[in-house]
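**Student:** Residue numbers (UniProt numbering): 1 to 491. Just so it is clear, CB atoms sit at the ideal spot from N, CA and C, and this is done for glycine as well. First, the structure itself, so that you have it in front of you.
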Amino acid sequence: MSSSSSSELEMEIFQYIDGHQSDFIKDLKEWVAVQSDSVQPDLRKEVIRMMVLVADRLAALGATVNSVNLGSHQLPNGQDLPLPPVILGELGRDPQNPTVCFYGHVDVQPAKKEDGWKTDPYTLTEINGNLYGRGATDNKGPVLAWINAVETFRALKLVVNFKFVIEGMEEAGSLGLEKLLEEENQCFFSDVDYIVISDNVWLSNKKPALTYGSRGNACFFVEVECGGKDLHSGTFGGIIHEPLTDLIALLDSLVDPTGHIQIPGIYDSVAALTEEERKLYESIEFDLEEHKKNSGVKKFLYGTKEEILLHLWHYPSLSIHGIEGAFHEPGIKTVIPSKVIGKFSIRQVPHMDLSVVKQQVVEHLEGVFSRRNSPNKLKVSMPLGAKPWLADVNDPLYKAARRAIKKVFGEDPDFIRDGSTVPVARMFQTITRKSVIMFPIGAADDGEHSQNEKISRHNYIEGTKVFASFFLEISKLHRHLHETSNMEIKN
Numbered sequence: 001m002s003s004s005s006s007s008e009l010e011m012e013i014f015q016y017i018d019g020h021q022s023d024f025i026k027d028l029k030e031w032v033a034v035q036s037d038s039v040q041p042d043l044r045k046e047v048i049r050m051m052v053l054v055a056d057r058l059a060a061l062g063a064t065v066n067s068v069n070l071g072s073h074q075l076p077n078g079q080d081l082p083l084p085p086v087i088l089g090e091l092g093r094d095p096q097n098p099t100v101c102f103y104g105h106v107d108v109q110p111a112k113k114e115d116g117w118k119t120d121p122y123t124l125t126e127i128n129g130n131l132y133g134r135g136a137t138d139n140k141g142p143v144l145a146w147i148n149a150v151e152t153f154r155a156l157k158l159v160v161n162f163k164f165v166i167e168g169m170e171e172a173g174s175l176g177l178e179k180l181l182e183e184e185n186q187c188f189f190s191d192v193d194y195i196v197i198s199d200n201v202w203l204s205n206k207k208p209a210l211t212y213g214s215r216g217n218a219c220f221f222v223e224v225e226c227g228g229k230d231l232h233s234g235t236f237g238g239i240i241h242e243p244l245t246d247l248i249a250l251l252d253s254l255v256d257p258t259g260h261i262q263i264p265g266i267y268d269s270v271a272a273l274t275e276e277e278r279k280l281y282e283s284i285e286f287d288l289e290e291h292k293k294n295s296g297v298k299k300f301l302y303g304t305k306e307e308i309l310l311h312l313w314h315y316p317s318l319s320i321h322g323i324e325g326a327f328h329e330p331g332i333k334t335v336i337p338s339k340v341i342g343k344f345s346i347r348q349v350p351h352m353d354l355s356v357v358k359q360q361v362v363e364h365l366e367g368v369f370s371r372r373n374s375p376n377k378l379k380v381s382m383p384l385g386a387k388p389w390l391a392d393v394n395d396p397l398y399k400a401a402r403r404a405i406k407k408v409f410g411e412d413p414d415f416i417r418d419g420s421t422v423p424v425a426r427m428f429q430t431i432t433r434k435s436v437i438m439f440p441i442g443a444a445d446d447g448e449h450s451q452n453e454k455i456s457r458h459n460y461i462e463g464t465k466v467f468a469s470f471f472l473e474i475s476k477l478h479r480h481l482h483e484t485s486n487m488e489i490k491n
């Protein structure tokens, strides 16, 4: 395809997308209306209904669709609950075209109006150019933007073969997905050239970004138990070792007021900061005041852009999330709980080993606990662990995405890491050995997982355009690589 014909096709595509904005928003409204909360068991039927909608939408494009049954899983109370199927879709089998596989999820985090939403979380509502609703940016909006971009090419001219992996359990740990990827690696993924994930957001509210890394996450439970029942604080207060007091001391030992993790050895495997990485941080457009406004906090632990980015991406962090078993209702209950469970997590960076981190945490907590001379029982466990992911920003896939962003948004993207954890990126990279890119279209202030989650109309529509432009860039990239390979063979 010549550059002139490519430009003409791109112009047609953008016009098509602009002309179908209302249809695309209507589709998102239909999807947001489904309460596909994978965390709450009583809404599992809604997740399964959502997967049917996805399958129907892909089938309407002309895609071959396979709804893969993953069986069931057991809840802590012993109840068996069906897992929603994973949708595998395929559109186009032209051997001359590259094959791009898109991963997304259509399950969402819990949401209730009374949690502080200004609108009904399951009714997509447009206010001042923003589309509010649970799943608007995480991840129904980006999934639909990709499908809409594919639809545009289907209506005009297909230059890429498409494959889809859409799941409904991402917010609950992607149960069953890894096994499926391993089973399909030699079949479904055998002819895949590139894998695209759009399940995160930009670093800023306005400037586009491409993500080349994410931190891992090790989640810990620390349980302290003294007996079989709660006790009256008037009868037993002051004469026993209280579990909650022990637990608070343990949690307090984990991190100091500057955010430094106090677990011995935890930083030993962190890579030294290179000059190339430091320059990358310096070049990134990042507004501290904007970031404060997005988060609602008045002050960060660090005062410069470079320090903030280093501690979001380069260094591990530790966060305490809650205490189970302690009284938390309004009012006061003068009871000494018999068992409490503290919950915290460590976001790891590349080169940190999960098994080593677990050992370091256990040894540290057991040491602190022993010095308290408490007769209570201590139990430390790591119920969930996900490894960090890192890609090469010089991979041709990133160059193609960069060119697409420059065409649509008129500026180069920032190359960023994600301080959160996206296990599927490493999962796809490790199992398939394909090039993987994280390609967000949502803004930093979209409020993923939070109240009043949204995606702007601008990002939803322009994101559709940037995906479409990306298809053209991938097609050109693939053709160039193929021609270069043929020349090398001839020589």
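Report back the beta-carbon spacing between G463 and I441 to the nearest angstrom; my notes put them in contact at under 8 Å.
**Tutor:** Taking the first residue of the sequence shown as 1, we reach residue 463 at position 463. Taking the first residue of the sequence shown as 1, we reach residue 441 at position 441. Their Cβ separation, rounded to whole angstroms, is 3 Å, which keeps G463 and I441 in contact under 8 Å.
**Student:** DSSP three-state call for P41: helix, strand or coil?
**Tutor:** Looking up residue 41 in the sequence shown gives position 41. In the structure shown, P41 sits in a helix (DSSP, three-state: H, G or I).
**Student:** Leaving out the 5 sequence neighbours to the left and right, which residues in its chain are closer than 6 Å to K377 when beta-carbon positions are compared?
**Tutor:** Position 377 of the sequence shown, counting from 1, holds the residue named residue 377. Result list for K377: E225, in chain order.
**Student:** If we ignore side chains and look at the alpha-carbon of each, how far apart do I127 and T274 end up?
**Tutor:** For the purposes of this step, residue 127 is taken as residue 127 along the sequence shown, with counting starting at 1. For the purposes of this step, residue 274 is taken as residue 274 along the sequence shown, with counting starting at 1. Looking at the two C-alpha atoms, the distance is approximately 44 Å.
**Student:** Per DSSP, Y103 forms a beta bridge with which residues?
**Tutor:** Taking the sequence shown and counting its residues from 1, one reaches residue 103 at position 103. Note: Y103 sits in a beta bridge opposite V165, I197.
**Student:** CA-CA distance, H458 and W202?
**Tutor:** Taking the sequence shown and counting its residues from 1, one reaches residue 458 at position 458. Taking the sequence shown and counting its residues from 1, one reaches residue 202 at position 202. Each residue's alpha carbon lies about 14 Å from the other.
**Student:** Within 10 angstroms of the Cβ of K293, are there 16 or more other Cβ atoms? Answer buried if so, exposed if not.
**Tutor:** Numbered from 1 along the sequence shown, position 293 holds the residue referred to as residue 293. That one is exposed.
**Student:** Would you check if the distance between the CB atom of A145 and the CB atom of I416 is smaller than 8 Å?
**Tutor:** Taking the sequence shown and counting its residues from 1, one reaches residue 145 at position 145. Taking the sequence shown and counting its residues from 1, one reaches residue 416 at position 416. Not in contact: A145 and I416 (Cβ atoms no closer than 8 Å).
**Student:** What is the rounded straight-line gap between the Cα of I195 and the Cα of G367?
**Tutor:** Numbered from its first residue, the sequence shown carries residue 195 at position 195. Numbered from its first residue, the sequence shown carries residue 367 at position 367. Distance between the alpha carbons of I195 and G367 is about 45 Å.
**Student:** Grab the span of the beta strand (DSSP E) containing F221 for me, first residue to last.
**Tutor:** Here residue 221 refers to the residue found at position 221 of the sequence shown. From DSSP, the beta strand (DSSP E) with F221 extends over 217-225.
**Student:** Go ahead and pull the three-state DSSP assignment for Y212.
**Tutor:** Taking the sequence shown and counting its residues from 1, one reaches residue 212 at position 212. In the three-state reduction of the DSSP assignment, Y212 falls in the strand class, which pools E and B.
**Student:** Which same chain residues end up closer than 7 Å to V32 when comparing Cβ atoms and leaving out the 5 residues on each side of it in sequence?
**Tutor:** Here residue 32 refers to the residue found at position 32 of the sequence shown. So the list reads Y122, L124, G133, R134, G135, A136, K140, once near-sequence residues are dropped.
**Student:** Would you tell me roughly how many angstroms separate the C-alpha atoms of S456 and V393, rounded to the nearest one?
**Tutor:** Reading the sequence shown from its first residue, position 456 is the one you call residue 456. Reading the sequence shown from its first residue, position 393 is the one you call residue 393. So the two alpha carbons sit approximately 27 Å from each other.
**Student:** Does H105 pass the burial test, meaning 16 or more other C-beta atoms within 10 Å, or should it be called exposed?
**Tutor:** Position 105 of the sequence shown holds residue 105. The residue is buried, with at least 16 neighbouring Cβ atoms inside 10 Å.
**Student:** Compare the C-alpha of G228 against each of M352, G325, L180, V297 and name the closest.
**Tutor:** Here residue 228 refers to the residue found at position 228 of the sequence shown. The option with the nearest alpha carbon to G228 is G325.
**Student:** Judging by CA-CA distance, which residue of D268, I48, D107 is the nearest neighbour of S174?
**Tutor:** Within the sequence shown, residue 174 is the residue found at index 174, counting from 1. Checked all of D268, I48, D107; the closest Cα to S174 is D107.
**Student:** Helix, strand or coil: how does DSSP classify N376 here?
**Tutor:** In the sequence shown, the residue the question calls residue 376 occupies position 376. It is coil, neither helix nor strand.
**Student:** Once you ignore the five residues that flank D37 on each side, which residues in its own chain have a CB closer than 6 Å to its CB?
**Tutor:** Here residue 37 refers to the residue found at position 37 when the sequence shown is read from its first residue. Closer than 6 Å at the Cβ level, and outside the excluded window around D37, lie L43, V108, P110.
**Student:** Strictly by DSSP, which residues pair up with L131?
**Tutor:** Position 131 of the sequence shown, counted from the first residue, corresponds to residue 131. Its beta-bridge partners are E126, I455.
**Student:** Suppose contacts are defined by Cβ-Cβ distances below 8 Å. Is L254 in contact with L318 by that definition?
**Tutor:** Taking the first residue of the sequence shown as position 1, residue 254 is located at position 254. Taking the first residue of the sequence shown as position 1, residue 318 is located at position 318. Contact: yes.
**Student:** What is the DSSP secondary structure of S338, counted as helix, strand or coil?
**Tutor:** The residue you call residue 338 lines up with position 338 of the sequence shown. Looking at S338 - three-state DSSP - the assignment turns out to be coil, as it is neither helix nor strand.
**Student:** Is the number of C-beta pairs between the stretch 348-357 and the stretch 177-189 that are closer than 8 Å three or more?
**Tutor:** no
**Student:** When we look at the beta-carbon of E151 and count the other beta-carbons within 10 Å, is it buried (16 or more) or exposed?
**Tutor:** In the sequence shown, the residue the question calls residue 151 occupies position 151. With 16 or more other Cβ atoms within 10 Å, it is buried.
**Student:** Pull the bridge partners of F415 from the DSSP assignment, please.
**Tutor:** Residue numbering aside, residue 415 sits at position 415 when the sequence shown is read from its first letter. F415 is bridged to L210.
**Student:** DSSP three-state call for D80: helix, strand or coil?
**Tutor:** Within the sequence shown, the letter at position 80 stands for residue 80. Three-state result, D80: strand.
**Student:** Rounded to whole angstroms, what's the CA-CA distance from R426 to N97? Just pull it up for me.
**Tutor:** For this step, residue 426 is matched to residue 426 along the sequence shown. For this step, residue 97 is matched to residue 97 along the sequence shown. When rounded, the distance between both Cα atoms is 26 Å.
**Student:** Write down every uninterrupted run of the alpha helix (DSSP H) in the stretch 10-56 whose length is 4 residues or greater and which is fully enclosed by it, in chain order.
**Tutor:** 21-32
**Student:** Alpha carbon to alpha carbon, how far is P95 from L70? Give it in angstroms, no decimals.
**Tutor:** Counting from one through the sequence shown, the residue named residue 70 turns up at place 70. Counting from one through the sequence shown, the residue named residue 95 turns up at place 95. Rounded to whole angstroms, L70 to P95 spans 31 Å at the Cα level.
**Student:** What does a CB cutoff of less than 6 Å around V380 pick up in its chain, not counting 5 residues either side in sequence?
**Tutor:** Within the sequence shown, residue 380 is the residue found at index 380, counting from 1. If we look at V380 and ignore the five residues flanking it on each side, its Cβ neighbours are V222, V362, L365.
**Student:** Leaving out five residues on either side along the sequence, give the residues of the same chain with a beta carbon under 8 Å from the beta carbon of V68.
**Tutor:** For this step, residue 68 is matched to residue 68 along the sequence shown. Answer for V68: P85, V86, I87, L88, L180, listed in chain order.
**Student:** If you run the structure through DSSP and keep just helix, strand and coil, what is H364?
**Tutor:** Position 364 of the sequence shown, counted from the start, is the residue given in the question as residue 364. Three-state result, H364: helix.
**Student:** Below 8 Å on the Cβ atoms is my guess for S338 versus L397; work out the distance and round it to an integer in Å.
**Tutor:** Here residue 338 refers to the residue found at position 338 when the sequence shown is read from its first residue. Here residue 397 refers to the residue found at position 397 when the sequence shown is read from its first residue. About 54 Å separates the two Cβ atoms, so there is no contact after all.
**Student:** Assuming the contact rule is C-beta atoms closer than 8 Å, F162 and L91 should be a hit. Round their C-beta distance to whole Å, please.
**Tutor:** To locate residue 162, count along the sequence shown from 1; it is residue 162. To locate residue 91, count along the sequence shown from 1; it is residue 91. The beta-carbon distance between F162 and L91, rounded to whole angstroms, is 4 Å. This is short enough to meet the 8 Å contact definition.
**Student:** Quick check on the burial criterion: 16 or more other C-beta atoms within 10 angstroms. Buried or exposed for H241?
**Tutor:** Along the sequence shown, read from residue 1 onward, the residue named residue 241 stands at position 241. It counts as exposed.
**Student:** Do T334 and G176 have their CB atoms nearer than 8 Å?
**Tutor:** Against the sequence shown, residue 334 aligns to sequence position 334. Against the sequence shown, residue 176 aligns to sequence position 176. Contact: no.
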